[in-house]
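Sequential numbering from 10 applies to the sequence shown in the working numbering.
Take a look at the structure set out below.
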Amino acid sequence: MVILATMLVFSESLRAGPVKVEKNIVIAEKSAIKASHAWVRAMPPGSAMTAAYLTLENTSDKPLKVISVSSPQANDCSIHKTVIEKGINRMREVKYLSIPAHQSVTLSPGGLHIMIMGMNRPLKKGALFPIVFKYSDGSLLQVEALIK
Ligand SMILES: [Cu+2]
10 MVILATMLVF SESLRAGPVK VEKNIVIAEK SAIKASHAWV RAMPPGSAMT AAYLTLENTS
70 DKPLKVISVS SPQANDCSIH KTVIEKGINR MREVKYLSIP AHQSVTLSPG GLHIMIMGMN
130 RPLKKGALFP IVFKYSDGSL LQVEALIK
């Protein structure tokens with residue numbers, strides 16, 4: 010069964026911005042994964058890529074994996090991690106992102122991130138960027154990440 014849930018997630022820097030707070034608006038059934046502090050790095054027009062960061066919390070008793078990431082506003086999204094090899098920062102694709110039962114995984118600058126390529130509209134600061142996470146239990150979670 011596919012559970013489609015939409016969660017509007019806003020960053021902690023909200024007080025500085027004009028975006029209204031609407032917490033955890035869920036369509037259909039609730040996802041076992043809660044997303045928070047989702048944001049996307051604003052880029053100048055014409056940029057080919059950016060990255061998104063957030064915390065994913067598994068509220069269930071079973072381990073879950075993120076098996077794919079996509080966005081209606083980009084050609085390609087993938088999970089990357091930054092690794093240091095011979096003193097140089099490099100990015101590696103991560104096939105699955107495992108979230109143990111009752112634990113959280115945080116994607117943050119310099120570590121795990123959602124790599125976003127081929128955006129089909131400008132990344133305007135203060136706007137929201139949708140990212141859809143597909144989990145190993147078949148559920149989908151759409152997160153609205155704040156562009157900042
Ligand atoms: Cu990357």
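Ideal Cβ positions, reconstructed from N, Cα and C, are used throughout, including at glycine.
In this text the structure is predicted, and so the values were computed from the model without any measurement.
**OP:** Leaving aside the five residues before and after Gly127 along the sequence, list all residues of the same chain whose C-beta is less than 6 Å from its C-beta, in chain order.
**Re:** Numbered from its first residue, the sequence shown carries residue 127 at position 118. Apart from the 5 residues on each side of it in sequence, Gly127 sits with its Cβ closer than 6 Å to the Cβ of Ala83, Asn84, Asp85 in its chain, given in chain order.
Original post:
Among Ala41, Thr115, Val152, which has the Cα closest to the Cα of Asp70?
Top reply: Working through the sequence shown from its first residue, we reach residue 70 at position 61. Cα-wise, what sits closest to Asp70 is Ala41.
Original post:
What did DSSP end up calling Gln120 once you bin it into helix, strand or coil?
Top reply: Within the sequence shown, the letter at position 111 stands for residue 120. Before going on, a small fix: residue 120 reads as Gly here, not Gln. Correct three-state label for Gly120: coil.
Subject >> Inter-residue spacing [alpha-carbon to alpha-carbon] between Ile125 and Ala60 >> reply: The sequence position of residue 125 within the sequence shown is 116, counting from 1. The sequence position of residue 60 within the sequence shown is 51, counting from 1. For Ile125 and Ala60, the distance between alpha carbons rounds to 6 Å.
**OP:** List the whole-angstrom C-beta distance separating Tyr144 from Leu63, where the pair is believed to meet the contact cut-off of C-beta under 8 Å.
**Re:** Taking the first residue of the sequence shown as position 1, residue 144 is located at position 135. Taking the first residue of the sequence shown as position 1, residue 63 is located at position 54. Contact doesn't hold; Cβ gap of about 14 Å is too wide.
Original post:
Which whole-angstrom value describes the C-beta separation of Glu66 and Ser113, a residue pair presumed to lie in contact below a C-beta threshold of 8 Å?
Top reply: Numbered from 1 along the sequence shown, position 57 holds the residue referred to as residue 66. Numbered from 1 along the sequence shown, position 104 holds the residue referred to as residue 113. Rounded, the Cβ-Cβ distance is 4 Å, consistent with contact.
**OP:** May I have the straight-line CA-CA distance separating Ala57 from Ile156, to the nearest angstrom?
**Re:** Taking the first residue of the sequence shown as position 1, residue 57 is located at position 48. Taking the first residue of the sequence shown as position 1, residue 156 is located at position 147. Straight-line Cα distance between these residues: approximately 16 Å.
**OP:** State yes or no: is the C-beta of Ala44 within less than 8 Å of the C-beta of Leu150?
**Re:** On the sequence shown, residue 44 is found 35 positions in, with the first residue counted as 1. On the sequence shown, residue 150 is found 141 positions in, with the first residue counted as 1. Yes.
Subject >> Alpha carbon of Asn98 to alpha carbon of Leu121, nearest angstrom >> reply: Mapped onto the sequence shown, residue 98 falls at position 89. Mapped onto the sequence shown, residue 121 falls at position 112. Going by C-alpha positions, Asn98 is about 13 Å away from Leu121.
Original post:
Quick one: what does DSSP say Leu132 is sitting in, helix, strand or coil?
Top reply: Mapped onto the sequence shown, residue 132 falls at position 123. Here Leu132 sits in coil by DSSP.
**OP:** Look up Lys74 in the DSSP assignment and say whether it is helix, strand or coil.
**Re:** The residue given as residue 74 occupies position 65 in the sequence shown. Three-state result, Lys74: strand.
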